[in-house]
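Protein chains: 2
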Amino acid sequence: MNGRMLSKNEVKYIQSLKAKKQRLEANAFVVEGHKTVLELLAHQRWIVQALYGTETFLQTIPKNLTLPAKTVTISQEDLERISFLQTPQSCLAVVALPAAASAHFPANNWSLLLDDIQDPGNLGTIIRIADWFGIEHIFATEHTADVYNPKVIQASMGGFLRVQMHYGPCAVWLQQQQPVCYIADMHGHNVWQLQQPQPGVLVIGNEGNGVSEHIAAFATQTISIPKLGAAESLNAGVATGILLSHLLQTTSKA
Amino acid sequence: MNGRMLSKNEVKYIQSLKAKKQRLEANAFVVEGHKTVLELLAHQRWIVQALYGTETFLQTIPKNLTLPAKTVTISQEDLERISFLQTPQSCLAVVALPAAASAHFPANNWSLLLDDIQDPGNLGTIIRIADWFGIEHIFATEHTADVYNPKVIQASMGGFLRVQMHYGPCAVWLQQQQPVCYIADMHGHNVWQLQQPQPGVLVIGNEGNGVSEHIAAFATQTISIPKLGAAESLNAGVATGILLSHLLQTTSKA
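Just so you know, the protein sequences line up as chains H and A, in that order. Numbered by our numbering, the letters in the first sequence go through residues 1 to 254 in order. Numbered by our numbering, the letters in the second sequence go through residues 1 to 254 in order.
Right, here's the structure in full:
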């Protein structure tokens, strides 16, 4: 552990990890926040390449956690230079991107499939919802926002630690594995009246265009949230939460 | 209708309306977005003090709508100078703050009560949810984010036009009117198992601290969303959507 000033190049490198292209090239992403960083250190699945923390933060790390070889004590001012947050916290970790796992729809639990969710805040919120409801797998089309985008990491409130994202050819996966498939659709069946759904995958579409046709083709059923008022739509995160809660309510009772 | 450059003072005045103090002093707030501005012009309830629009926008306004005396054709560049949006649209309206209406909990419909919701994005999302479900009244403590904050207006997606906000002494209103009162609480009764709720007011608390004690004291029942996973909490907007959907499902069936 050493206390020192950050070099210009170090600051530049960390800042560059805001961009997906740079994250892929460096094979690394950034995590901030006291609680989430401690969880990272506790899980063997994650390789922390560098840990930057204020003296106060580093002193609070429980003794049973192994610190990465590169652990750097920095001042609050230096932390502000590398942080992506408006209100920087007391630490920042540079973490290796985990290897992609093979994409299998779970047989007896719900999962989510995101068809081009664009907004990082929405993706983060959806991961947080999945984490709340014990959904372990989220499948996503290649054009969906990247989970390692700092805004997604932040909005997921640590959810990215427990919920696994699978990016890839979702239509091919649906074709090959044929899971029970519920498609969120403004004109779908009222989710309040759904009779005995089977655990399957809930598909949420793009914020503007909804679910694309080549994915909607795999619907076991389309579902919607009853609209009693005048709004044109609900936020994608809110809609995911509402649909998932009703689906889980019914299958948890069964 | 006249086409002209904006004066520095005009730009400064509009920009000042970002702050609540200035909005109260000027008795005005700002609305942006093609669709919402057209809706504003169509509703007599709103007094548009000034309308700034590009030539293209102003030409698309239906003939049956009355334009305000101060309607100004401006260039896209000038619009960017006054806009609060990252991606300015084609128009901006300065609108008079409506007079406060008296605060009565509706007898046969659901309403919401927000106890110090701080984040403008969350408030906007909640107004959008209310608008979707046909909830007409939201009561809010004085420290709740201001509905006329540009971020709230934007996130509400036009919802502020139809959902009425009532700011004031919520505990006093609850005391005097004694509505059926459901309090969102992490340790509350599972909303999936609620038996025959009566339409009433759903109370959502502050993002960090939940519902304050002097308001929780009026609970007919506390309710929660079952947590099946590991997340610490849900986003306030998402939680509102889920709870409201389950409450409405039950009372709409009855």
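Idealized CB from N, CA, C, for every residue including glycine.
Excluding the five sequence neighbours on either side, which residues of its own chain have a C-beta within less than 6 Å of the C-beta of residue i, listed in chain order?
i	result
VAL11 (chain H)	ARG81, ILE82
SER156 (chain H)	GLY124, ILE127, ARG128
PHE84 (chain H)	PRO150
LEU114 (chain H)	ALA140, THR144, ILE204
ASP116 (chain A)	THR141, HIS143, THR144, ASN206
ALA70 (chain H)	The sequence as given places Lys at residue 70 (chain H); Ala does not occur at that position. For LYS70 (chain H), where only same-chain residues beyond five positions count, the Cβ hits under 6 Å are ALA50.
THR36 (chain H)	GLY158
VAL201 (chain A)	PHE105, SER111, LEU113, PRO179, CYS181
LEU161 (chain A)	GLU39
LEU247 (chain A)	PRO197
ILE14 (chain A)	ILE82
Excluding sequence positions up to five away, which residues of its chain have a Cβ less than 7 Å from the Cβ of residue i?
i	result
ALA96 (chain H)	ASN27, ALA28, ILE47, GLN49
Can you tell me whether residue i is helix, strand or coil according to DSSP?
i	result
VAL172 (chain A)	helix
ASP119 (chain H)	coil
ASN149 (chain A)	coil
VAL191 (chain H)	helix
ASN108 (chain A)	coil
GLY200 (chain H)	coil
GLN22 (chain A)	helix
HIS166 (chain H)	strand
Assuming residue i contacts residue j under a Cβ cut-off of 8 Å, what Cβ separation, rounded to an integer in Å, is found between them?
i	j	result
ALA130 (chain A)	VAL163 (chain A)	5 Å
SER245 (chain A)	ILE135 (chain H)	In fact, because the Cβ distance is near 18 Å, the residues do not count as touching under 8 Å.
THR220 (chain A)	VAL180 (chain A)	5 Å
TRP132 (chain H)	LEU234 (chain A)	5 Å
GLY237 (chain H)	ASN122 (chain H)	5 Å
TYR52 (chain H)	LEU17 (chain H)	That belief does not hold up - the Cβ atoms of TYR52 (chain H) and LEU17 (chain H) are roughly 13 Å apart, past 8 Å.
ILE215 (chain A)	LEU174 (chain A)	7 Å
Using the Cα positions of residue i and residue j, report the straight-line distance between them to the nearest angstrom.
i	j	result
SER90 (chain H)	VAL211 (chain A)	29 Å
ASN209 (chain H)	ALA184 (chain H)	12 Å
ILE153 (chain H)	SER75 (chain A)	39 Å
GLN22 (chain A)	VAL172 (chain H)	55 Å
GLN118 (chain A)	LEU24 (chain H)	36 Å
GLN44 (chain H)	GLY188 (chain A)	35 Å
THR251 (chain A)	PRO199 (chain A)	7 Å
SER102 (chain H)	LEU58 (chain H)	36 Å
TYR148 (chain A)	GLU32 (chain A)	12 Å
VAL78 (chain H)	ILE242 (chain A)	Sequence inspection shows Asp at residue 78 (chain H); the Val mentioned does not correspond to that position. So the two alpha carbons sit approximately 41 Å from each other.
GLU55 (chain A)	THR73 (chain A)	6 Å
ALA254 (chain H)	GLN195 (chain H)	In this prediction, ALA254 (chain H) scores a pLDDT of 40, lower than 50, which makes its location untrustworthy; no coordinate-derived value is stated.
ALA107 (chain A)	ALA42 (chain A)	29 Å
What does residue i reach in chain H if we use C-beta pairs closer than 8 Å?
i	result
HIS246 (chain A)	SER245, HIS246, GLN249
MET157 (chain A)	ALA231, GLU232, SER233
ILE225 (chain A)	TRP132, SER245
GLY205 (chain A)	By Cβ distance, chain H contributes nothing, its closest Cβ being about 17 Å from GLY205 (chain A), past 8 Å.
Which chain H residues are close to residue i, counting only those with a beta carbon under 7 Å from its beta carbon?
i	result
THR125 (chain A)	ASN235, VAL238
ILE129 (chain A)	LEU234, VAL238
GLY257 (chain A)	Residue 257 (chain A) lies beyond the range of chain A shown here (1 to 254); nothing can be said about it.
Name, please, each residue of chain A whose Cβ falls closer than 8 Å to the Cβ of residue i.
i	result
LEU210 (chain H)	A quick correction: the sequence has Gly, not Leu, at residue 210 (chain H). Result: empty, since nearest Cβ-Cβ is about 16 Å, beyond 8 Å.
Taking Cβ-Cβ distances shorter than 9 Å, what residues in chain A pair up with residue i?
i	result
GLY200 (chain H)	Here the premise fails: no neighbours, minimum Cβ distance about 16 Å.
LEU228 (chain H)	TRP132, PHE133, GLY134, ILE135, LEU248, SER252
GLY33 (chain H)	Here the premise fails: no neighbours, minimum Cβ distance about 12 Å.
By the criterion of Cβ-Cβ separation under 9 Å, what are the contact partners of residue i in chain H?
i	result
ILE215 (chain A)	Per Cβ cutoff of 9 Å: no residues; ILE215 (chain A) is ~24 Å from chain H at best.
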